[in-house]
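One structure is given here, and the rest of the page talks about it.
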Amino acid sequence: MSKLTATATCTAHGAIVEQTGEVLPQSLLAQRVAWLAGLAQDRTTDIVAARWSKADLDALWSGVGLDGRALPAKGWMAVRRLGWGVRPAPGVHVCDRVLRCAQEQAARLLRLALHRRAVVAAIVATWPRGPRRRTEAEWAALRAVLPDGVGAAEIRNRTRQIRAYRDAHGGVLPADLTALEGPPGCAAQIVLAAADRQLATLERTGERSARLRVKLPVIACPASGRDWAWHLLPIALPPTVPAEAKLCSPALRVHNGRVRVDLPFQTPIAVAPATGHVIGCGFDWGLNTLLTGTIGRLTAGGRVVTDGRPLSYDASGVSAKLHRLRDQREHLAAKKQHQERLVAGITPADPRVAELAAAYEVIGVEHERVCARIRRLNKALAWSAARWAVDQALAAGATVIYLEDLATLEARGRRGRANARLSGQVRGQVVEAIRHLAAKHAIAVVTVPARGTSRYCPRCGDGTSVLTHCPAPDRLAEKGWAWAWCPDCDLSCDRDWAAAERTVPAPVPGTPGTGQRPAGQAPQTTRPPAGRTGLVRDAQHRTGFHRVAATPVLPLGPYANGPPRPRPPDLPESLR
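Just so it is clear: in the sequence shown, position 64 is 64 by the UniProt record's numbering, and no numbers are missing.
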């Protein structure tokens, strides 16, 4: 058994002062939590600013403290072992547990900076002759020194940042990350994972409720221990937190006048097998059809076959709204920049400054609201698509899900609007959601390199037959994008479906080293009735207030080894 860790964002709508029994409204509770978060934020900012140097980052990177012992995993203990102490502000009484929380957050920020530092050092060490386009040899040299898991987008963004620094400093490359950028910003939050019962305790009071006991300041600048008091915060748990989950120490922050409780919880799960998979689901990414999948089965002869039924998650409507909101966001951002240029071009004594400042504030609020709508819609779309993909795997009895590797997915050679749409997709959130949901059912998730999945035919030859792409099946002679046709075997199908079929057999054990094993067609002789029997009862999945067209979850009896699923009765002969 293993543990699956997730975080549920809850809201504390009020609190009770333990000593006096006073009931605090939400506004007063938010004020006191903001005071505590501010005290920790100030100390975290001091630590990060004082240790933002090459020598201190080298000491943290070495993993060894001043006494020669290895640094512990807990951030606040590592900071103290390095001798990076911190003191409260003069005249302010702060207990040691609050300083622990500040040191923990500072250690997390500095450890995250170590990854960015390694990426920058690798790019600078292998700086190409032409930064806008590296050669194959330059890419190989860069990949050899980069940390694991660095995607093409991160490499491209860091290269642009370094190139801008070089252009601004007369062709000199940055010596370290500390020269390239300033200290990272610190969020106003209190990380209670570094504290013990002297600052906070958490207990579960029911299946859908918990209680947080935390010590908060009663004034903005507490001068003694009398200015601190214990508060009881009742927390309503969302349905995503199961009853058997173990609750961990949360983090407190204030957002829009409300106290947010970021509550981590651990759920016991079975370990997904790494080998021995017989049935798998492969999914390919698309532009309007977010996910296109197929189900593959490994036969006794070592050949991967499919049932010929495409699975599609069409989010055209939601994507259209996301594109419209993105255009609106870019328009508001351009207006904000225009307002900034206008204000910079006039003197502060000009009477138009007040009018421009008011307009700038209104545009800023509207811009933030549009960004929030985009974030909420992206999250809803990602989790809806992930739930649909996992449901398809469960209904088919699959034990593994194959996805294209996002780090190798590049939108090159397309028109500008298509590039913008591809870059605005929510693929990263979808992958994380699929991993999370699949782990609950012991389904393995494997990423497949996006190399030749849409180029070669999945049915004929040895996997090297090049497909011809055209606009539609009746326009094979024209150049297009959506439809795939094989001149060798006359395969004619949707481009994403062909890519999904190649995604399944590529990583199956026993395939050639090229990963291009063809997937044969093996239609079922007895197809089950077209009735929805899986976890998803509605073919039109809801995504917030929007709908997406998704393939219904159908049972695949000959493929699955689990218990039989209920099926709708057969229709009479007169109604067939």
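Idealized CB from N, CA, C, for every residue including glycine. Fair warning: this is a prediction, and the values are worked out from it, not measured in the lab.
inquiry  = Rounding to the nearest angstrom, what Cα-Cα distance links isoleucine 219 and tryptophan 35 in this structure?
reply    = Your numbering for residue 219 matches position 219 in the sequence shown. Your numbering for residue 35 matches position 35 in the sequence shown. Whole-angstrom Cα-Cα distance: 8 Å.
query = Which of the three DSSP states, helix, strand or coil, is assigned to lysine 127?
reply = Counting from 1 along the sequence shown, the entry for residue 127 is found at position 127. Note that residue 127 is tryptophan in the sequence shown here, rather than lysine. Here tryptophan 127 carries a coil assignment [DSSP, helix/strand/coil].
request  = Identify the continuous alpha helix (DSSP H) that holds glycine 75 and give its terminal residues.
outcome  = Within the sequence shown, the letter at position 75 stands for residue 75. In this chain, the alpha helix (DSSP H) harbouring glycine 75 covers 75-81.
request  = Going by DSSP, name the residue or residues bridged to isoleucine 16.
outcome  = Indexing the sequence shown from 1 puts residue 16 at position 16. According to DSSP, isoleucine 16 bridges with Val23 and Leu232.
message = Which residue wins for smallest C-alpha separation from aspartate 496, given the options His277, Glu404 and Phe265?
response = Numbered from its first residue, the sequence shown carries residue 496 at position 496. Measuring from the Cα of aspartate 496, the nearest candidate turns out to be Glu404.
ask   = With DSSP run on the structure shown, which of helix, strand or coil describes cysteine 221?
value = Here residue 221 refers to the residue found at position 221 of the sequence shown. It is coil, neither helix nor strand.
task = Please work out which residues of its chain come closer than 8 Å, Cβ to Cβ, to arginine 329, disregarding the five sequence neighbours upstream and downstream, and give them in chain order.
result = Counting from 1 along the sequence shown, the entry for residue 329 is found at position 329. In the same chain as arginine 329, and ignoring 5 residues on each side of it, the C-beta atoms closer than 8 Å to its own belong to His367, Val370, Cys371 and Ile374, in chain order.
query = How about the region 242-249 and the region 64-71: do they share at least three Cβ pairs that are nearer than 8 Å?
reply = As far as the Cβ criterion goes, the region 242-249 does not touch the region 64-71, which means the pair count is below three.
inquiry  = Are the CB atoms of arginine 158 and valine 120 within a distance shorter than 7 Å?
reply    = As a working mapping, residue 120 is identified with position 120 in the sequence shown. As a working mapping, residue 158 is identified with position 158 in the sequence shown. Result yes, Cβ atoms of valine 120 and arginine 158 sit closer than 7 Å.
ask   = Considering only residues of the same chain and omitting the five flanking positions on each side of alanine 439, which have a CB-CB separation below 6 Å?
value = Start at 1 with the first residue of the sequence shown, and residue 439 comes out as number 439. Within the same chain, alanine 439 has close Cβ partners Leu4 and Ile269.
ask   = Does the beta-carbon distance from cysteine 10 to valine 318 come in below 7 Å?
value = Residue numbering aside, residue 10 sits at position 10 when the sequence shown is read from its first letter. Residue numbering aside, residue 318 sits at position 318 when the sequence shown is read from its first letter. Taking C-beta atoms as the reference points, cysteine 10 and valine 318 fail to come closer than 7 Å.
ask   = Nearest to proline 458 by CA position, among Glu501, Thr447, Asp474 and Ala477, is which residue?
value = Sequence index remark: in the sequence shown, residue 458 carries index 458 (1-based). Measuring from the Cα of proline 458, the nearest candidate turns out to be Glu501.
request  = Please state whether DSSP places isoleucine 346 in a helix, a strand or coil.
outcome  = In the sequence shown, residue 346 corresponds to position 346, counting from 1. Coil at isoleucine 346, not helix or strand.
key: Nearest-angstrom Cα separation, counted from alanine 195 out to glutamine 103   = In the sequence shown, the residue the question calls residue 103 occupies position 103. In the sequence shown, the residue the question calls residue 195 occupies position 195. When rounded, the distance between both Cα atoms is 11 Å.
message = Within the continuous alpha helix (DSSP H) that includes aspartate 56, where are the two ends?
response = Here residue 56 refers to the residue found at position 56 when the sequence shown is read from its first residue. Run containing aspartate 56: 54-62, per the alpha helix (DSSP H) assignment.
inquiry  = So, under 8 Å CB-CB, leucine 29 and valine 191 are touching, yes? Tell me the CB distance rounded to an integer number of Å.
reply    = Within the sequence shown, residue 29 is the residue found at index 29, counting from 1. Within the sequence shown, residue 191 is the residue found at index 191, counting from 1. With a contact defined as Cβ atoms closer than 8 Å, leucine 29 and valine 191 miss out at about 19 Å.
key: Span of the alpha helix (DSSP H) around serine 384   = Taking the first residue of the sequence shown as 1, we reach residue 384 at position 384. For serine 384, the enclosing alpha helix (DSSP H) has its first and last residue at 352-396.
task = Using the Cα positions of arginine 303 and glycine 296, report the straight-line distance between them to the nearest angstrom.
result = Within the sequence shown, residue 303 is the residue found at index 303, counting from 1. Within the sequence shown, residue 296 is the residue found at index 296, counting from 1. One C-alpha to the other measures close to 10 Å.
query = According to the Cβ coordinates, are valine 362 and cysteine 221 closer than 7 Å?
reply = In the sequence shown, the residue the question calls residue 362 occupies position 362. In the sequence shown, the residue the question calls residue 221 occupies position 221. For valine 362 and cysteine 221, no; Cβs fall outside 7 Å.
message = Tell me whether the region 376-395 and the region 331-351 touch, counting them as touching only if at least three CB pairs, one residue from each stretch, are closer than 8 Å.
response = With contact defined as three or more Cβ pairs closer than 8 Å, the region 376-395 and the region 331-351 are not in contact.
ask   = Can you tell which of Leu232, Pro250, Arg211 and Pro217 has its C-alpha closest to the C-alpha of residue 577?
value = Nothing in the structure corresponds to residue 577, since the chain is present only between 1 and 576.
query = Between alanine 477 and the rest of its own chain, which residues show a CB-CB distance below 6 Å, the 5 nearest in sequence each way excluded?
reply = To locate residue 477, count along the sequence shown from 1; it is residue 477. Hits under 6 Å: none found.
ask   = Relative to the alpha-carbon of aspartate 96, which residue among Arg197, Thr289 and Arg208 has its alpha-carbon at the smallest distance?
value = Taking the first residue of the sequence shown as 1, we reach residue 96 at position 96. Here the closest residue by C-alpha is Arg197.
ask   = For alanine 106 versus threonine 205, is the C-beta distance shorter than 7 Å?
value = One-based indexing of the sequence shown puts residue 106 at position 106. One-based indexing of the sequence shown puts residue 205 at position 205. Not in contact: alanine 106 and threonine 205 (Cβ atoms no closer than 7 Å).
key: Neighbourhood of glutamine 429 by C-beta, 6 Å cutoff - its chain only, sequence neighbours within 5 removed   = By one-based count along the sequence shown, residue 429 stands at place 429. Shown here for glutamine 429: same chain residues with a beta carbon closer than 6 Å to its own, the five before and five after excluded, namely Ala382 in chain order.
ask   = So, glycine 282 versus tyrosine 402, is the Cβ gap smaller than 7 Å?
value = Position 282 of the sequence shown, counted from the start, is the residue given in the question as residue 282. Position 402 of the sequence shown, counted from the start, is the residue given in the question as residue 402. The Cβ atoms of glycine 282 and tyrosine 402 lie closer than 7 Å to each other.
inquiry  = If contacts are defined as beta-carbon pairs under 8 Å, then proline 147 and histidine 115 qualify, I think. What distance do you get, rounded to the angstrom?
reply    = Within the sequence shown, the letter at position 147 stands for residue 147. Within the sequence shown, the letter at position 115 stands for residue 115. Rounded to whole angstroms, the Cβ separation of proline 147 and histidine 115 is 6 Å, and the two are in contact under 8 Å.
query = Do alanine 499 and serine 465 have their C-beta atoms closer together than 7 Å?
reply = Here residue 499 corresponds to residue number 499 of the sequence shown, with the count starting at 1. Here residue 465 corresponds to residue number 465 of the sequence shown, with the count starting at 1. Contact: no.
ask   = Near arginine 352, which residues of its chain fall below 7 Å by C-beta distance, leaving aside the five closest residues on each side in sequence?
value = On the sequence shown, residue 352 is found 352 positions in, with the first residue counted as 1. Setting aside the 5 residues that flank it on each side, arginine 352 is surrounded in the same chain by Ile346, each with a C-beta closer than 7 Å to its C-beta; the list follows chain order.
request  = State the Cα-Cα distance for the pair proline 568 and threonine 292, rounded to the nearest angstrom.
outcome  = As a first step, residue 568 is located in the sequence shown; it is residue number 568 there, counting from the start. As a first step, residue 292 is located in the sequence shown; it is residue number 292 there, counting from the start. Below a pLDDT of 50, predicted positions are generally treated as unreliable, and proline 568, at 46, falls in that range; the measurement from the model is reported next regardless. C-alpha separation (whole angstroms): 26 Å.
message = Nearest by alpha-carbon distance to glycine 286: which of Val305, Ala272 and Ser316 is it?
response = Walking along the sequence shown from the start, residue 286 turns up at place 286. Closest option to glycine 286, Cα to Cα, is Ser316.
message = Quick check on this structure: which residue in Leu377, Ala380 and Ala333 has the alpha carbon closest to the alpha carbon of tyrosine 360?
response = Working through the sequence shown from its first residue, we reach residue 360 at position 360. Measuring from the Cα of tyrosine 360, the nearest candidate turns out to be Ala333.
ask   = Buried or exposed: where does glycine 75 fall if 16 or more other Cβ atoms within 10 Å of its Cβ makes it buried?
value = The residue given as residue 75 occupies position 75 in the sequence shown. Glycine 75 is classed as buried because its beta carbon has at least 16 other beta carbons within 10 Å across all chains shown.
query = Using the C-alpha atoms, what's the distance from leucine 112 back to aspartate 58?
reply = Stepping through the sequence shown from its first residue, residue 58 is reached at position 58. Stepping through the sequence shown from its first residue, residue 112 is reached at position 112. Note on geometry: alpha-carbon atoms of aspartate 58 and leucine 112 lie some 14 Å from one another.
message = Based on DSSP bridge pairs, tell me the residues matched to proline 550.
response = On the sequence shown, position 550 is the one that residue 550 refers to. Reading off the sequence, residue 550 comes out as alanine, not proline. DSSP lists Tyr313 as the bridge partner or partners of alanine 550.
Those residues which DSSP pairs with leucine 298 across a bridge = Here residue 298 refers to the residue found at position 298 when the sequence shown is read from its first residue. Looking at the DSSP output, leucine 298 bridges to Val304.
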